[in-house]
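Structure first, commentary second.
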Amino acid sequence: MTTALLMTLDLLAAVLAAATWLGAGVAAASRRPRTALALLASAVLASLARAGVVAGLAGSGWWFVQEKVTVALPLLLVTGVAATVLAAPRLVRAVRSQADADLAGSPAVVVALLGAGYAAAGGLAGTLLMGYPATLSTALITVAVVAVAMLVTWRIVAGPGRSPRIVIAITLVTGLAGTGLAFFPSPTMDDGLDHTLSHSGMGHLAMAAGSPAKPQGRPVTSLRGPAAPAAGGVVRRYTLSAETAAITLSSGRKVDAWTFNGQVPGPPITANVGDLVEVRLRNANIRSGVTLHWHGYDVPAGEDGVPGLTQEAVLPGQEFVYRFLADRQGTFWYHTHEVSDLGVRMGLYGTMVVGPPSAGVDLTLPVHTFAGRTVVGGRDQPLDQRVSPGTQVRLRLINTDNTPHRFTLAGTPYRLVAVDGTDLNGPGELDRTGLRLPAGGRYDLTFTMPADHDVVLNTDDRTPSVRLTRQASAPTTTAGTTADTTASAAAGVTASATEDTKSWPDLDLTTYGTPATTPFTAADTFDRRFTLVLDRGLSLAGGRPMYAYTVNGHAFPSIPTEIVSTGDLVRLTVVNRSRDIHPWHLHGHRVLVLSRDGRAPTGSPLWLDTFDLQPGEVWEVAFRATNPGLWMNHCHNLVHADQGMALHLAYEGVTTPFHGAHGG
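Letter 446 of the sequence shown, counting from 1, is numbered 439 in the working numbering, and no numbers are missing.
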């Protein structure tokens, strides 16, 4: 049974337990002893079932049961046992004897049963609202709320009379203590040395974000790209102007967008290894400001484009020049990182391919959702292109959305040769297999155009996105260019590969390809270890209460910054105990996957910059800290990042002159 299924069963058991305990109390108050007794028995069974599910869930890790074991179940156990002891004998007597019928509605029975219901509901609220971890504050508040509910119920059922003043005083003190502890300052730094939050003196971010004291160390603004290309390389200069515009999709539909140079996606950036890429960003009229982040490309920190951390946002009328060496080939993309949830959704993104280009047909296909329509390669209608049999074809898939997309290739076997810009080792041939691409991720597919079949790329098992049809002569496509500039219209051509792809199994990347040696493994000694538990709950974010997407119970900017030193070998354990998918993305570094749910990859080594955590999953990844700077570490569902699921990773000795408050 999967962790996600156990999480669902736990919620169902918690709801059932709360409903049956409360129902038993209401039935008792209504003088219906048979119904109350039946519901009491059901409540006991539901409570035992929840305890059993929690025991099973504990096998997936302490993160999934912490608040249940420390708060919810003890509270339910105490109130449930008390309710059973107090209510069951009276209800049995009321059922057997008409003379004892009034026992069912006695205050002791009603309050005891409803109290167990309040406790069950309080434990459920702790999971849904408080999330991970359950602290002393949340425990005290939960106990106090349950006690207040029971006191109010007692007053209603028993009527006016002497109030239990000692109980009221204890409840009041408990609630005030819990509320006060909630405002206790949380640590600002996590040194990753002992799995505890550190109050060490490495407060360079906080000092740079408002303290009059001048921060000491190397400023992130000094970590910039070189001024010249490598030997044999050239300078590739681009100018991108961010501006609002109405664009027309291939279907003829007009959409209001935020654009680079009046187009979506923005102009493709291409370079060869050794080239110097220089991009001048100008903001014509995007009021919130813009930046450029090179997603998946490990540029120097000062070029990373994170407003408030590595630079200020480029406001209307301003410009900023980015410069970095193209030192690794592959498929990447760029996008704004200022108000990125809105900016990327509105169209501020583009592709970046570092070559040399592939031979044959080379199509770069960013996938985006505009006004509810799936746009692939800048088109919301199928891209039709004729290709000669025997031609080598490379499809570069880029997910620019917040959620995964599923791709299938019908009509030919193929190989998945690269993930997130890194070649896989020994990729095998795939056929009738789906590819689920995380938000922000990239897949490179290659195949030879068959002589007897057309080839169709489907997105999300709906209308084909790309049709490659056979032609007798060689295609005119220039290798390495993007699909929206290389496609030739072939209106009316219907591909022969029309097989329904919904039932095809998805590829498990951790088993695909051939193993190879890596510079480090899970058996190595790690200098720093960090655990990130992803959840949702109430949090004080910068002193402001909000229902946020959280990391270790905190929401940005109140999540402690991870501190590393240059050369450290760093291990990240990322746990998803929420019911959402979280595509996790660390800036400035590729991570090596060590395990998923405790199982090490058996295929090619997986070097990723974005990886999907399904509900209940636990990923362990690692990286060598060789790119000094200040970096974002966040969920690339940009809605989640905007609502708290983001933090910083900082190298010791690196400072920022900016406010440091960027979250998404």
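Where a beta carbon is used, it is the ideal one built from N, C-alpha and C, also for glycine.
Run of the beta strand (DSSP E) containing residue 232, from where it starts to where it stops: Start at 1 with the first residue of the sequence shown, and residue 232 comes out as number 239. According to the DSSP assignment, residue 232 belongs to the beta strand (DSSP E) that extends over 228 to 241.
Residue 615 vs residue 585 beta-carbon contact at 8 Å: Within the sequence shown, numbered from 1, the residue matching residue 615 stands at position 622. Within the sequence shown, numbered from 1, the residue matching residue 585 stands at position 592. The answer is yes: Cβ separation under 8 Å.
Same chain, Cβ closer than 6 Å to residue 2, five either side skipped, listed in chain order: Taking the first residue of the sequence shown as position 1, residue 2 is located at position 9. Within the same chain, residue 2 has close Cβ partners 46.
Buried or exposed by the 16-neighbour rule on C-beta atoms within 10 Å, applied to residue 41: Numbered from 1 along the sequence shown, position 48 holds the residue referred to as residue 41. Result: exposed.
First through last residue of the beta strand (DSSP E) which encompasses residue 638: Numbered from its first residue, the sequence shown carries residue 638 at position 645. From DSSP, residue 638 is part of no beta strand (DSSP E); its letter is neither H nor E.
Cα-Cα separation between residue 639 and residue 333, rounded to whole angstroms: For the purposes of this step, residue 639 is identified with residue 646 of the sequence shown, where counting begins at 1. For the purposes of this step, residue 333 is identified with residue 340 of the sequence shown, where counting begins at 1. The alpha-carbon atoms of residue 639 and residue 333 are separated by roughly 13 Å.
Under 8 Å between C-beta atoms of residue 573 and residue 608: By 1-based counting over the sequence shown, the position of residue 573 is 580. By 1-based counting over the sequence shown, the position of residue 608 is 615. Contact: yes.
Beta-carbon spacing of residue 652, residue 301 below 8 Å: Residue numbering aside, residue 652 sits at position 659 when the sequence shown is read from its first letter. Residue numbering aside, residue 301 sits at position 308 when the sequence shown is read from its first letter. A contact, by the Cβ cut-off of 8 Å.
Residue 146 - partner residues in DSSP beta bridges: Here residue 146 corresponds to residue number 153 of the sequence shown, with the count starting at 1. Bridge partners of residue 146 according to DSSP: none are assigned.
Outcome for residue 270 when other beta-carbon atoms lying within 10 angstroms are tallied against a minimum of 16: To locate residue 270, count along the sequence shown from 1; it is residue 277. Buried: at least 16 other Cβ atoms inside 10 Å.
Which listed residue (328, 273, 454 and 164) has its alpha carbon closest to that of residue 401: The count along the sequence shown starts at 1 and reaches residue 401 at position 408. Closest option to residue 401, Cα to Cα, is 454.
Length of the line joining the Cα atoms of residue 500 and residue 398: Your numbering for residue 500 matches position 507 in the sequence shown. Your numbering for residue 398 matches position 405 in the sequence shown. Taking the straight line joining both Cα atoms gives about 13 Å.
Range of the contiguous beta strand (DSSP E) that encloses residue 625: Counted from its first residue, the sequence shown places residue 625 at position 632. That run of the beta strand (DSSP E) goes 623 to 628.
Any 3 or more C-beta pairs closer than 8 Å across the region 597 to 611 and the region 53 to 69: Contact between the region 597 to 611 and the region 53 to 69 is present, because at least three Cβ pairs lie under 8 Å.
Residue 280 burial status per 10 Å Cβ neighbour count (16 or more: buried): Taking the sequence shown and counting its residues from 1, one reaches residue 280 at position 287. Exposed is the call here.
Between the CA atoms of residue 392 and residue 430 - distance to the nearest angstrom: For the purposes of this step, residue 430 is taken as the residue at position 437 of the sequence shown. For the purposes of this step, residue 392 is taken as the residue at position 399 of the sequence shown. About 7 Å.
Nearest-angstrom Cβ-Cβ length linking residue 567 and residue 525, presumed shorter than 8 Å: Along the sequence shown, one-based indexing puts residue 567 at 574. Along the sequence shown, one-based indexing puts residue 525 at 532. Sure, about 5 Å apart at Cβ, within 8 Å.
C-beta neighbour in chain D for residue 166, strict 8 Å: Annotation note: the requested chain D is absent from the structure, which comprises a single protein chain.
Unbroken stretches of the alpha helix (DSSP H), 4 residues or longer, contained in the region 352 to 435: none
Residue burial classification, residue 13 (beta-carbon count within 10 angstroms, cutoff 16): The sequence position of residue 13 within the sequence shown is 20, counting from 1. Buried.
Span of the alpha helix (DSSP H), counted from its first residue to its last, around residue 3: Working through the sequence shown from its first residue, we reach residue 3 at position 10. Here the alpha helix (DSSP H) through residue 3 covers -4 to 22.
DSSP-derived helix/strand/coil call for residue 541: As a working mapping, residue 541 is identified with position 548 in the sequence shown. Residue state, collapsed to three classes: strand.
Limits of the alpha helix (DSSP H) - the one that residue 123 falls within: Along the sequence shown, one-based indexing puts residue 123 at 130. From DSSP, residue 123 is part of no alpha helix (DSSP H); its letter is neither H nor E.
Pair within 8 Å by beta-carbon distance, residue 627 and residue 578: Within the sequence shown, residue 627 is the residue found at index 634, counting from 1. Within the sequence shown, residue 578 is the residue found at index 585, counting from 1. For residue 627 and residue 578, yes; Cβs fall inside 8 Å.
Nearest neighbour of residue 182, chosen from 648, 643 and 649 [CA to CA]: Taking the first residue of the sequence shown as 1, we reach residue 182 at position 189. Among 648, 643 and 649, the Cα nearest to that of residue 182 belongs to 643.
Exposure of residue 61, with buried meaning 16 or more beta-carbon neighbours within 10 Å: Translated into positions along the sequence shown, residue 61 becomes position 68. Buried.
Contact the region 539 to 553 vs the region 494 to 509: 3+ CB pairs below 8 Å: no
Closest Cα partner of residue 140 within the set 177, 582, 174 and 72: Translated into positions along the sequence shown, residue 140 becomes position 147. Closest option to residue 140, Cα to Cα, is 72.
Proximity to residue 266 [Cα-Cα], best of 102, 76, 321 and 602: Looking up residue 266 in the sequence shown gives position 273. Per the Cα distances, 321.
Residue 80 to residue 17 span [Cα, whole Å]: Counting from 1 along the sequence shown, the entry for residue 80 is found at position 87. Counting from 1 along the sequence shown, the entry for residue 17 is found at position 24. Those two C-alpha atoms are separated by around 10 Å.
Alpha carbon of residue 433 to alpha carbon of residue 229, nearest angstrom: If you number the sequence shown from 1, residue 433 lands on position 440. If you number the sequence shown from 1, residue 229 lands on position 236. Approximately 24 Å between the Cα atoms of the pair.
Pair within 8 Å by beta-carbon distance, residue -1 and residue 33: Along the sequence shown, one-based indexing puts residue -1 at 6. Along the sequence shown, one-based indexing puts residue 33 at 40. No, Cβ-Cβ distance for residue -1 and residue 33 is not below 8 Å.
heavy atom of the ligand HEM below 7 Å from residue 281 C-beta: The ligand content of the structure shown is nil, which means the ligand HEM is not present either.
Buried versus exposed call for residue 167 [16 or more other C-beta atoms within 10 Å across all chains shown]: Numbered from 1 along the sequence shown, position 174 holds the residue referred to as residue 167. So residue 167 counts as buried.
Local conformation of residue 82 per DSSP, three classes: The residue given as residue 82 occupies position 89 in the sequence shown. Three-state result, residue 82: helix.
Residue 522 (DSSP reduced to helix, strand or coil): Locating residue 522 in the sequence shown gives position 529, where the first residue counts as 1. Of the three classes helix, strand and coil, the one that applies to residue 522 here is strand, per DSSP.
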